[in-house]
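Take a look at the structure below.
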Amino acid sequence: FVQPFIRLLLGDAKAFDRKRRVTIRAVLSRNLPSKQGREDYVRARLEHGEQGGLPRAVPVLGRSGLLRTMLQAEGLIRIPEESEGLYQDTELDFWLMGH
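Under our numbering, the first residue of the sequence shown carries the number 1, and numbering increases by one thereafter.
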């Protein structure tokens, strides 16, 4: 999770470039509301999916500054700004942190 920030501090202008993100396909475990007009990133962890299926992305909810949620999260779920959230069982790109 910290690696992009360190790369940015070391002068890597492309530290947060979307093309460099390592993502996997996953299925959202529950509805995830958001405010339209704002792009949101929600911390999440992965669980095994149904037999032979995609892994499940489980949101790790809490206040944004809580260290506990950062430690429990394995990645991020992006909610696009044109959306009012994502529905349970939606297939999405799960951004793995630390890669």
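Heads up, the beta-carbon is just placed ideally off N, CA and C, and yes, glycines get one too.
Original post:
Just to check, is the beta-carbon of Q88 closer than 8 Å to a non-hydrogen atom of the ligand NAD?
Top reply: What this structure holds is no ligand at all, so the ligand NAD is not there to describe.
Original post:
Which term fits A13, buried or exposed, when burial requires 16 or more other beta carbons within 10 angstroms of its beta carbon?
Top reply: exposed
Subject >> Rounded straight-line distance, which links the Cα of L9 to that of K35 >> reply: 31 Å
Subject >> L67 vs M97 beta-carbon contact at 9 Å >> reply: Against a cut-off of 9 Å, the Cβ pair of M97 and L67 comes out as no contact.
Subject >> Residues that L76 bridges to, as DSSP identifies them >> reply: R43, W95
Subject >> Contacting residues, own chain, Cβ-Cβ under 7 Å from G37 (five flanking each side not counted) >> reply: E81
Subject >> Boundaries (first-last residue) of the beta strand (DSSP E) holding P59 >> reply: 56-59 is the extent of the beta strand (DSSP E) around P59.
Original post:
Applying the criterion that 16 or more other CB atoms from any shown protein chain within 10 Å of the CB defines a buried residue, is R63 buried or exposed?
Top reply: exposed
Original post:
If you check the beta carbons only, do V60 and Q72 fall under 9 Å apart?
Top reply: Closer than 9 Å, so yes.
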